[in-house]
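Undergrad: One structure coming up, written as structure tokens, with questions to follow.
Residue numbers (this note's numbering): 558 to 1520.
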């Protein structure tokens, strides 16, 4: 009986041991982390399959235990220890096998996960590496000026800081690569790969460091150049003031002291030339690292300074030569003064004599004889003044020679007054002489012009009255012909009088011009005679035909054609015009058409008498009369609109001209005050300037109104005219913007002037403050290049920048608080979508406060002291830029996280949005089925409460109704 359990037990033990041995052999084959990633993944899959065989091993061990239990129940006591020992061995082998399976799979899986994390970190590092290589690959871009170069340097420093921050990640990657290599031995993470990664990082870092060093050197060179230029400009300004102080009437020194001062100034020119040459040599290196526009500005600035220096040298030479000549000619001054007094007395006598003759303009109603008398008087005065012109030239020459002597100011004033009186009399006489001759010429031309008009009218009458078969036309044109004949006779008389004044015309207008005029008169008389005879013949012909034309059709057809012609001409005049003259001409044409329309109405009423007794003719007359009246009303509306357009355009042109003149006057006034600082000495001039500046706001309102009016004019003008108006408004706006810039500059100069007037310490050396330098300098007569003040704090600068430390502290506190908030937000837990939303809202709040920080930082830059040597502001600028970069990076990272969160959630939301309406629709359909009764229950009493039957059990009755 024990043989069968013994065999079962032996067989199950052998099966279990064989299975565990096979599993251990497979594990020994796969228990290796060396090799490539694909092999590691294959071994990972094999160990995972082996681990999945654990239940099979459990079954085999369970079979062994059951066989052992059956054998222990039937065996003898002496066999039990052996059976139990074998059973313990099986259990021990099973536990070792399970442990080996778990450890082998876990070890390979851990190495695979470690490798995966390393690859992710390596990919992120190489993405950053490629981005940085692309950023650093292009050459350094040339910048416009110092500010742009400093911005470029700040950006390069931010990139270098970013590279330095990546060193920690690189060290971690290299450490993980070494650890991983010791486990897998793959060439992708060996020491050569680690050295290659380190070398690539070092190359990027070296490139970034080189760029920062290069940009720092470029910015430093440009800053040094700007400081030297400012110093030279300040020295040049001081030299300009010294030279101008020796020129003109503002100089209180005598001739000899002025020559001494000019000789001292001459010693400064060589040193200034040497300094300017050094600046040009220094500018070569700066231009090499500057954009073309910036290089052009630097070259222009150097050229302008050289031109100013050369101009000062020329002024110095001229003034020195003039003063030396003045000393040499001082001996001959007395004789020139005596001769000048004699000449002046004689000129005054002549001017007094000519003034007594009277130089009054002729009146408009003067006769032709009076005009001729005035012309002869003005001609004699002109000849007398021309004879005195050499004397005036001598007086002007002598006045130029004596104007440098301040002791002869009264004599110079007398000479200037006499010359001004001579010029005034000469100009007035020339104007009157020309006006009189022009009036005589216009009167002589008036008859010719009238004759030309008459000729056109007469020829038109002849052309129109060639064939007039209707009575109305004859009645219309016969009085016109009679009036033309009367006008012809009057013109004949006027032209005959002109032919008798040959000598007078030659003396007034010149022989050639008079001959041309007489030829025109002769030809005009001949043409007039021919037309006069033709009109006489036509008059007799019309008078003979007057009684023969009384047909309505012949009288009506010309009126109808004239109406159609008026309609076509009016339609042609509805187009928009380009400019004001075109609109005025259009208005005149429309008014002429209006008169023609009125004349047409009169003719229609005259024809109405011929249509009496004929209803057909009366209908035609009524129809053409209504058409004429409608045409007249539309023409009146068109004339009114055209008049409105002309008024608006006139108003626009007048206001535009006024504003342009005012802007020109104001610009010239401000430029004169800006160019000549001596005008600031007069309080009246300064008060006038303040009044001018106070008018600018009012003119700005006028400018806005003018722009609105210009838009209205553009709408009522042709496209070409609208373009012209738009161009005028654009030029006006450019002039206005230039004026506003000049106003700002002038206000700055006024503030500087007021600050200079408040200085009461006259013992200190002058500090020049203008737009060229940003700090005060001292002028040393022994050194042409001014140096900075040491140990002296100008009160203006102190008052201007005393709040700079406070602004600096406020911005630092604000930036520190914002950085703390950003740090708390970036360390928030983002396990759910709600956390991501909260983090997004907080980042948006920080981004909304970026403009506030920018305003604080710009305010800090405006109030910083000039040439501040500390690096505190630059460090703060770097922190501010770093904070904005971190904030932007946090926003980008949050966006990527939200995309990962939203991808499954969005699908679930779409599924819910589609499924929920379908479920509601099915539920509604099911409810309706419950409410509807069955077809075979038409007579059921339960139909009386089918709603209740749908939800509760009820007895049914299928027979006829009980009642």
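No residue lacks a Cβ here, since even glycine has one placed at the ideal position from N, Cα and C.
Closest by CA to residue 1379, which one among 1432, 828, 1441?
TA: Ranking 1432, 828, 1441 by Cα distance to residue 1379 puts 1441 first.
Undergrad: At the level of alpha carbons, what is the spacing between residue 871 and residue 878?
TA: Spanning the two alpha carbons is a distance of roughly 11 Å.
Undergrad: Put residue 895 into one of helix, strand or coil per three-state DSSP.
TA: Three-state result, residue 895: helix.
Undergrad: Quick check on residue 1022: does DSSP put it in helix, strand or coil?
TA: Three-state DSSP puts residue 1022 in coil, outside helix and strand.
Undergrad: Go ahead and pull the three-state DSSP assignment for residue 1554.
TA: Only positions 558 to 1520 of the chain appear in the structure, and residue 1554 is not among them; the question remains open.
Undergrad: With C-beta atoms as the reference, is residue 901 less than 8 Å away from residue 938?
TA: No, Cβ-Cβ distance for residue 901 and residue 938 is not below 8 Å.
Undergrad: If you draw a straight line from the C-alpha of residue 620 to the C-alpha of residue 678, how long is it?
TA: Residue 620 and residue 678: Cα-Cα distance of roughly 50 Å.
Undergrad: Name, in chain order, the residues that DSSP records as bridge partners for residue 561.
TA: In the DSSP output, where bridge partners are listed per residue, residue 561 has none listed.
Undergrad: From residue 1364 to residue 1249, what distance separates their C-alpha atoms?
TA: Looking at the two C-alpha atoms, the distance is approximately 36 Å.
Undergrad: Thinking C-alpha only, which one of 687, 1278, 995 is nearest residue 1202?
TA: Here the closest residue by C-alpha is 1278.
Undergrad: Less than 8 Å between the C-beta atoms of residue 1161 and residue 1185, yes or no?
TA: Contact: yes.
Undergrad: Would you decide whether residue 1031 is buried or exposed? Buried here means 16 or more other CB atoms lie within 10 Å of its CB.
TA: Residue 1031 comes out buried.
Undergrad: Could you give the first and the last residue of the continuous alpha helix (DSSP H) run that contains residue 923?
TA: Where residue 923 is concerned, there is no enclosing alpha helix (DSSP H), given that its DSSP letter is neither H nor E.
Undergrad: Is the beta carbon of residue 589 within less than 7 Å of some heavy atom of the ligand HEM?
TA: The ligand HEM is not among the ligands present in this structure, which contains no ligands whatsoever.
Undergrad: Return helix, strand or coil for residue 1070, following the three-state DSSP convention.
TA: Three-state result, residue 1070: helix.
Undergrad: Quick check on residue 700: does DSSP put it in helix, strand or coil?
TA: Correct three-state label for residue 700: strand.
Undergrad: So, is residue 739 buried or exposed, given that buried needs 16 or more other C-beta atoms within 10 angstroms?
TA: By the 10 Å Cβ count, residue 739 comes out exposed.
Undergrad: Given a cut-off of 8 Å on the beta-carbon distance, is the pair residue 1127 and residue 1192 in contact?
TA: Result yes, Cβ atoms of residue 1127 and residue 1192 sit closer than 8 Å.
Undergrad: Taking the alpha carbon of residue 683 as the point to measure from, which residue in 597, 755, 712 has its own alpha carbon closest?
TA: It is 755 whose Cα lies nearest to the Cα of residue 683.
Undergrad: For residue 1173, does the count of other Cβ atoms within 10 angstroms reach 16, so buried, or fall short, so exposed?
TA: Flag for residue 1173 reads exposed.
Undergrad: Between the C-alpha atoms of residue 1413 and residue 1374, what's the straight-line distance to the nearest angstrom?
TA: Near 14 Å, if we compare the C-alpha coordinates of residue 1374 and residue 1413.
Undergrad: Start and end of the alpha helix (DSSP H) containing residue 1261?
TA: Segment 1253-1272, the alpha helix (DSSP H) holding residue 1261.
Undergrad: Which residue marks the beginning of the alpha helix (DSSP H) containing residue 661, and which one marks its end?
TA: Taken as a continuous stretch (DSSP letters only), the alpha helix (DSSP H) holding residue 661 covers 637-693.
Undergrad: Among 734, 561, 647, whose alpha-carbon lies nearest the alpha-carbon of residue 674?
TA: If we check each option's Cα against that of residue 674, 734 comes out closest.
Undergrad: Use the C-beta contact count for residue 1114: other C-beta atoms within 10 angstroms, 16 or more gives buried, fewer gives exposed.
TA: Exposed, since its Cβ has fewer than 16 Cβ neighbours within 10 Å.
Undergrad: Buried or exposed: where does residue 1221 fall if 16 or more other Cβ atoms within 10 Å of its Cβ makes it buried?
TA: It counts as exposed.
Undergrad: If the criterion is Cβ atoms closer than 8 Å, does the pair residue 1224 and residue 1266 meet it?
TA: Result no, Cβ atoms of residue 1224 and residue 1266 do not sit closer than 8 Å.
Undergrad: Between which two residues does the alpha helix (DSSP H) containing residue 589 stretch?
TA: No alpha helix (DSSP H) holds residue 589; DSSP gives it neither H nor E.
Undergrad: Would you identify the three-state DSSP class for residue 751, choosing helix, strand or coil?
TA: In this structure, residue 751 counts as helix in the three-state DSSP scheme.
Undergrad: Who are the Cβ neighbours of residue 998 in its own chain at under 7 Å, not counting the five residues just before and after it?
TA: Closer than 7 Å at the Cβ level, and outside the excluded window around residue 998, lie 1066.
Undergrad: Candidates 638, 774, 858: which alpha carbon is nearest residue 789's?
TA: Closest by alpha carbon: 858.
Undergrad: Determine the DSSP secondary structure at residue 632, reduced to helix, strand or coil.
TA: Coil at residue 632, not helix or strand.
Undergrad: From residue 701 to residue 723, what distance separates their C-alpha atoms?
TA: So the two alpha carbons sit approximately 32 Å from each other.
Undergrad: When you compare the CB positions of residue 979 and residue 897, do they come within less than 8 Å of one another, or not?
TA: No.
Undergrad: With C-beta atoms as the reference, is residue 771 less than 8 Å away from residue 671?
TA: No, the pair does not count as a contact, with Cβ atoms beyond the cut-off.
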